[in-house]
Amino acid sequence: MKIKTGDLARLVEGHLEGNPDIWITHPSKIEEGEPGSISFLANPKYEHHLYETKASAVLVDKHFQPKSLVNAALIRVDNVYLTIGKLMQEFNQTTNGNPGIHPSALIDESAQLGPGVSIGPQTIISSDCIIGQGSCLYGQIFIDREVVIGKNCTLYPGVKIYKGCRIGDDCIVHSNAVIGSDGFGFSPDGSGQYQKIPQLGFVEIGDRVEIGANTTIDRGSLGATRIGHGCKLDNLIQIAHNVQIGDNTVIAAQTGIAGSTKIGSNCQIGGQVGIAGHLTIADGSRIQAQSGIASSLTAPDGKWYGSPAIEYLAYLRSYAEFKSLPDLARRLKAIEDHFKASK
Amino acid sequence: MKIKTGDLARLVEGHLEGNPDIWITHPSKIEEGEPGSISFLANPKYEHHLYETKASAVLVDKHFQPKSLVNAALIRVDNVYLTIGKLMQEFNQTTNGNPGIHPSALIDESAQLGPGVSIGPQTIISSDCIIGQGSCLYGQIFIDREVVIGKNCTLYPGVKIYKGCRIGDDCIVHSNAVIGSDGFGFSPDGSGQYQKIPQLGFVEIGDRVEIGANTTIDRGSLGATRIGHGCKLDNLIQIAHNVQIGDNTVIAAQTGIAGSTKIGSNCQIGGQVGIAGHLTIADGSRIQAQSGIASSLTAPDGKWYGSPAIEYLAYLRSYAEFKSLPDLARRLKAIEDHFKASK
Amino acid sequence: MKIKTGDLARLVEGHLEGNPDIWITHPSKIEEGEPGSISFLANPKYEHHLYETKASAVLVDKHFQPKSLVNAALIRVDNVYLTIGKLMQEFNQTTNGNPGIHPSALIDESAQLGPGVSIGPQTIISSDCIIGQGSCLYGQIFIDREVVIGKNCTLYPGVKIYKGCRIGDDCIVHSNAVIGSDGFGFSPDGSGQYQKIPQLGFVEIGDRVEIGANTTIDRGSLGATRIGHGCKLDNLIQIAHNVQIGDNTVIAAQTGIAGSTKIGSNCQIGGQVGIAGHLTIADGSRIQAQSGIASSLTAPDGKWYGSPAIEYLAYLRSYAEFKSLPDLARRLKAIEDHFKASK
Chain Y
696 MKIKTGDLAR LVEGHLEGNP DIWITHPSKI EEGEPGSISF LANPKYEHHL
746 YETKASAVLV DKHFQPKSLV NAALIRVDNV YLTIGKLMQE FNQTTNGNPG
796 IHPSALIDES AQLGPGVSIG PQTIISSDCI IGQGSCLYGQ IFIDREVVIG
846 KNCTLYPGVK IYKGCRIGDD CIVHSNAVIG SDGFGFSPDG SGQYQKIPQL
896 GFVEIGDRVE IGANTTIDRG SLGATRIGHG CKLDNLIQIA HNVQIGDNTV
946 IAAQTGIAGS TKIGSNCQIG GQVGIAGHLT IADGSRIQAQ SGIASSLTAP
996 DGKWYGSPAI EYLAYLRSYA EFKSLPDLAR RLKAIEDHFK ASK
Chain B
696 MKIKTGDLAR LVEGHLEGNP DIWITHPSKI EEGEPGSISF LANPKYEHHL
746 YETKASAVLV DKHFQPKSLV NAALIRVDNV YLTIGKLMQE FNQTTNGNPG
796 IHPSALIDES AQLGPGVSIG PQTIISSDCI IGQGSCLYGQ IFIDREVVIG
846 KNCTLYPGVK IYKGCRIGDD CIVHSNAVIG SDGFGFSPDG SGQYQKIPQL
896 GFVEIGDRVE IGANTTIDRG SLGATRIGHG CKLDNLIQIA HNVQIGDNTV
946 IAAQTGIAGS TKIGSNCQIG GQVGIAGHLT IADGSRIQAQ SGIASSLTAP
996 DGKWYGSPAI EYLAYLRSYA EFKSLPDLAR RLKAIEDHFK ASK
Chain E
696 MKIKTGDLAR LVEGHLEGNP DIWITHPSKI EEGEPGSISF LANPKYEHHL
746 YETKASAVLV DKHFQPKSLV NAALIRVDNV YLTIGKLMQE FNQTTNGNPG
796 IHPSALIDES AQLGPGVSIG PQTIISSDCI IGQGSCLYGQ IFIDREVVIG
846 KNCTLYPGVK IYKGCRIGDD CIVHSNAVIG SDGFGFSPDG SGQYQKIPQL
896 GFVEIGDRVE IGANTTIDRG SLGATRIGHG CKLDNLIQIA HNVQIGDNTV
946 IAAQTGIAGS TKIGSNCQIG GQVGIAGHLT IADGSRIQAQ SGIASSLTAP
996 DGKWYGSPAI EYLAYLRSYA EFKSLPDLAR RLKAIEDHFK ASK
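Top to bottom, those sequences are chains Y, B and E. Per this note's numbering, the very first residue in the first sequence carries number 696; after that it's consecutive. Per this note's numbering, the very first residue in the second sequence carries number 696; after that it's consecutive. Per this note's numbering, the very first residue in the third sequence carries number 696; after that it's consecutive.
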């Protein structure tokens, strides 16, 4: 988006104080503002930056009274935070995407592409795939056979989706994420070797899901690995075969969930968490970063920490004592010595 | 594979009860069965699903006696589990692969391809590579110079193999795995900066090895990083330079092994384990998920847990006390107070 | 590099004892030496390998006196270690790279390529990119719009760089690393769902930085995620949005740093470390592998361990007591019993 200050003020239904003819091309932090950028002042703590910023325009509250000279044009709005959100989406939408089908894309003739679909250079769409209306696939993506992708999805370069996986509407998948790789299933054959258990299932991802860069989601061995609507998965996460995740659960980077575990809805799972296989995690569970979950969490809305994890505050209390264990051991020894001496 | 129930019964040497002319196209879980799918009942616990399944056919034990009406065709076999395994491989084999050499693949004229090799679209095979008979490389793979890949391997889209690495027969490498990247070798130059130590070795992978999606295996700085025959590596694993892993060792997702460590044969290493560099891990070691190994494990077949890891049961015992540390500290204080009072 | 023993001796300013006409094509470990390779003997502990090595030539100290018959040609030098380093760089330089622009690369006409730039097959350079002199991009790389890459960089196959990111001079980025993916920013909307906060910033990487395979570095939500000069990042690392890392900090594999945290210069961060968001980590901090940093580290040059981390030696002391916690609990119980009995 490239827009003049006057038009931008109208776009956000704000009131402009300053030159309406400055071109704005991108947003900036107020302390890093540059000519051509629009910044914002929402938290009064940062007001001093306003008097020094090089941003061409700054969004402020409609009642804001500057205490000193401001070089930037001011755009007064009802709610600075809401306006920023709206504005960021405007900037984002207009800079995204690869319009149309690139001639170097390889699209099987049996694939069905909805209206307005964009396919980037060197992206491969295999047979019997369906790509929903308005979805944008960047370059160098591999979509294997019989994959279904919903409407208005964005897939970034290097995403690989194995055969038969299904992705809902309004999803975002970041670069080099892998969806549908084989689950880690092997059976010992008695001689010390392992035989592969064929992985014949698929992955099913709901609507409004975001999948981070280099995250891996294995296909079910039979049936689905399922990610519910509205889930948000950060980078470098591992989701094993036949895991089920409820709606609106968010998972931070580098967490791993082992096979067949069922995670509830509206959970918040920190980074580098490990969850063992075949467990059930209740709705609303909050798991602190680096925790290890070794047994099912049955009470909803619990908060957990440690490896293996216990109740969050209990862990903090135990860990506080852990730090003074040498002192505790010394004191115990002193009492023992006293006993021996007094015998 | 698309096969009629009658033919399928003959294929698995079973006895059919029901319509021999229903087309079967895929396997399913019994509780998720759909028309056209074949399911199985092995564990009596799930027998109730049999009377409600929509699967067109179900594998059961030859002596099984249904207690109620079954809509699905039954195929009676000697050993349900063995038959499933066989059947899954049938379904798997016939849906895999990219037959032939795709015209968009870039194959150096000095590369040697065995008979029956498949190379997918946009895959790059550099000079002096050798690809063994029957191996199937999906699209968007990069094979750098002088790489040797054995017979009957499957490499999924996006795999990258650096110069001079060698992979055995019957291996599977999942999407976006990286084999042969530079080891993390730097020497401080005294001024606070680091100089790169050139990484001139390679990776050597045995036969029947499976490498998970987005796993990384660094080349040796000199000589090989070696993965033994029959090893199974899950997703997002890090294997550093000059690591040696014995035969038939299995490693779960997100584990990292630091440089020059030697892992024995037939080890079982859980997820998110970290193993420090220059250690030796004895054959048959079993390391619990999230453990940290800071020194060599010399006794074979040990079981380990914790960070730094100690013997498995010892860790559980210590951790049980850790959970009641606040109580323990309070009790110690009570005794101290009693002493002071009694003085 | 392919060079005769005589020329190689001259190249390293050494003195040759043996045949000057043997072709040397690669370095090797002395115990794994093959005809055509050059090895070295620096540590006297390994002298016995010299008498059995199949390497064609071996670098030794100028004063070295063999105790037995040596088949390899000897090249005597002043400092074996320094000479190896030099030699390895020679071998490395001459085997690297994809000279020129491959015809299958897709380079936007608005992109500016410096002299001597190499672009591998199927690499995509989008509009308004700048690639500095002498940089080598392997195949299957995706460079989105307005990306700036400095001089003499090497990017390996499968690297994906999002819009507007900037990379300094002399950087190395390994396969399937992702630079500039969206930060993990969502705001709850009150109904249990999350709204995406647009991620409009970029990534800025200094000079002489190395980024490992499958590592992910998210763009700032506004402004930059910054990696300082001389930093070395191993494989599978996660750097979240708006993280700032000072110069010459090294980070081992699978570590994750959450949003907006500022890491100082010359830090050493072990593998699988987790650092929470919005923290400040002092210059020279050394963080043990698998540690979790939950609050800012303000004292420079500290050493830390544990989750949450405490001072390194304090952790080891506490952990030593943790291991004998069952004994400690038993002893406390004995004293309590004694008290009760004596009442």
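Glycine residues also receive a C-beta, built at the ideal position from the N, C-alpha and C atoms. Nothing here was measured: the structure is a model prediction, and the numbers come from that model.
message: Quick check: Q963 of chain Y and S980 of chain Y, are their CB atoms within less than 9 Å of each other?
response: Against a cut-off of 9 Å, the Cβ pair of S980 of chain Y and Q963 of chain Y comes out as a contact.
query: Looking at the C-beta of Q983 of chain E, does it have a partner C-beta in chain C at a distance below 9 Å?
result: The structure shown has no chain C; the protein chains it does contain are Y, B and E.
- request: Taking only heavy atoms of the ligand ADP into account, decide whether any of them is closer than 8 Å to the Cβ of E712 of chain E.
  value: By its list of ligands, the structure shown contains no ligand whatsoever, and the ligand ADP lies outside what it can speak to.
task: Provide the residue span of the beta strand (DSSP E) that contains E712 of chain Y, from first to last.
output: Here the beta strand (DSSP E) through E712 of chain Y covers 710-712.
- request: Using three-state DSSP, classify A767 of chain Y as helix, strand or coil.
  value: When DSSP states are grouped into helix, strand and coil, A767 of chain Y belongs to the coil group.
field: Bridge partners - S751 of chain Y, DSSP secondary structure assignment
entry: Bridge partners of S751 of chain Y according to DSSP: none are assigned.
query: Nearest chain B C-beta to E726 of chain Y closer than 9 Å, yes or no?
result: For E726 of chain Y, the answer is no, since every Cβ of chain B falls outside 9 Å of its Cβ.
- request: Can you check DSSP and say which residues form a bridge with V843 of chain B?
  value: When DSSP reads this structure, V843 of chain B sits in a beta bridge with B:I825, B:R861.
query: Per DSSP, what kind of secondary structure is T975 of chain B in: helix, strand or coil?
result: Here DSSP, grouped into helix, strand and coil, assigns T975 of chain B to strand.
- prompt: Does T911 of chain Y get closer than 9 Å to chain B when you measure Cβ to Cβ?
  reply: Interface with chain B (9 Å Cβ-Cβ cutoff): T911 of chain Y is included.
message: Tell me which residues share the same chain as G951 of chain E and place their Cβ nearer than 6 Å to its Cβ, disregarding the 5 neighbours each side in the sequence.
response: Once the five neighbours on either side are set aside, the close Cβ partners of G951 of chain E are Q933, G969.
task: Taking only the alpha-carbon atoms, compute the straight-line gap between I814 of chain B and L808 of chain B and give it to the nearest angstrom.
output: Straight-line Cα distance between these residues: approximately 10 Å.
message: So the candidates are E:A704, E:I892, E:E729, E:D839; which of them puts its Cα closest to the Cα of Y776 of chain Y?
response: It is E:I892 whose Cα lies nearest to the Cα of Y776 of chain Y.
- prompt: What does K998 of chain Y pair with, by DSSP beta-bridge criteria?
  reply: Beta-bridge partners assigned by DSSP to K998 of chain Y: Y:R981.
field: beta strand (DSSP E) segment containing L732 of chain B, residue limits
entry: Here residue 732 of chain B turns out to be Ser, not Leu, going by the sequence shown. Judged by DSSP secondary structure, S732 of chain B falls within the beta strand (DSSP E) whose first and last residues are 732-735.
message: Between Y1007 of chain B and chain Y, is any beta-carbon pair separated by less than 9 Å?
response: Closer than 9 Å: no.
- request: State yes or no: is the C-beta of Y851 of chain E within less than 9 Å of the C-beta of Y1014 of chain B?
  value: Taking 9 Å as the Cβ cut-off, Y851 of chain E and Y1014 of chain B do not qualify as a contacting pair.
task: Measuring only between beta-carbons, confirm whether N871 of chain B sits less than 9 Å from chain E.
output: For N871 of chain B, the answer is yes, since a Cβ of chain E falls inside 9 Å of its Cβ.
- request: Output yes or no for whether 9 Å exceeds the beta carbon distance between G896 of chain E and H936 of chain E.
  value: Yes, these two residues count as a Cβ contact at 9 Å.
query: Of the choices Y:G709, Y:H797, Y:Q983, whose alpha-carbon is the least far from that of Y1007 of chain Y?
result: For the options Y:G709, Y:H797, Y:Q983, the alpha carbon positioned closest to that of Y1007 of chain Y is the one of Y:Q983.
query: Is S805 of chain Y buried or exposed, if buried means 16 or more other CB atoms sit within 10 Å of its CB?
result: The residue in question, S805 of chain Y, is exposed, as its Cβ has fewer than 16 Cβ neighbours within 10 Å.
message: Let me confirm a value: Q949 of chain Y is counted as buried when at least 16 other C-beta atoms fall within 10 Å, else exposed. Which label applies?
response: With at least 16 other beta carbons inside 10 angstroms of its own, Q949 of chain Y counts as buried.
query: Does the beta-carbon of H723 of chain Y have 16 or more other beta-carbons within 10 angstroms, so that it is buried, or is it exposed?
result: In the sequence on display, residue 723 of chain Y carries Ser and not His. Buried, by the Cβ-count rule.
message: Rounded to whole angstroms, what is the Cα-Cα separation between S734 of chain E and G709 of chain E?
response: The straight-line gap separating the alpha-carbon atoms of S734 of chain E and G709 of chain E is approximately 14 Å.
task: Starting from Q949 of chain B, find everything on chain E with Cβ-Cβ shorter than 9 Å and list it in chain order.
output: Chain E residues near Q949 of chain B: L931, Q949, Q967.
DSSP beta-bridge partners of Y905 of chain E: Note that residue 905 of chain E is Glu in the sequence shown here, rather than Tyr. E905 of chain E has E:I867, E:K927 as its beta-bridge partners, per DSSP.
- prompt: CB Q888 of chain Y to CB G780 of chain B, shorter than 9 Å?
  reply: Cβ distance not < 9 Å, so Q888 of chain Y and G780 of chain B don't count as in contact.
Closer than 8 Å at the beta carbon, the chain B residues around L1027 of chain Y: By Cβ distance, chain B contributes L1027.
message: For A919 of chain Y, count the other beta carbons within 10 Å of its own beta carbon; 16 or more makes it buried, fewer makes it exposed. Which is it?
response: It counts as buried.
query: To the nearest angstrom, how far is it from the Cα of S1037 of chain E to the Cα of A1029 of chain E?
result: Cα atoms of S1037 of chain E and A1029 of chain E: separation of roughly 12 Å, rounded to the nearest angstrom.
- request: Go ahead and pull the three-state DSSP assignment for K891 of chain Y.
  value: Strand at K891 of chain Y.
field: Outcome for V707 of chain B when other beta-carbon atoms lying within 10 angstroms are tallied against a minimum of 16
entry: So V707 of chain B ends up on the buried side.
- request: Grab me the residues of G959 of chain Y's own chain with a C-beta within less than 6 Å of its C-beta, minus the 5 sequence neighbours each way, in chain order.
  value: Hits under 6 Å: G941, I976, A977, D978.
message: Would the segment 1018-1033 of chain B count as touching the segment 754-768 of chain E if we require 3 or more Cβ pairs under 8 Å?
response: No, the segment 1018-1033 of chain B is not in contact with the segment 754-768 of chain E.
message: Taking only three categories from DSSP, how would you classify T789 of chain Y?
response: Any reading at T789 of chain Y needs caution, since the residue's pLDDT is 48, under 50, leaving its predicted position unreliable; the model's value is listed next. Note: T789 of chain Y maps to helix in three-state DSSP.
task: Using a cut-off of 7 Å between C-beta atoms, extract the partners of D877 of chain Y located in chain B.
output: Chain B residues near D877 of chain Y: H869.
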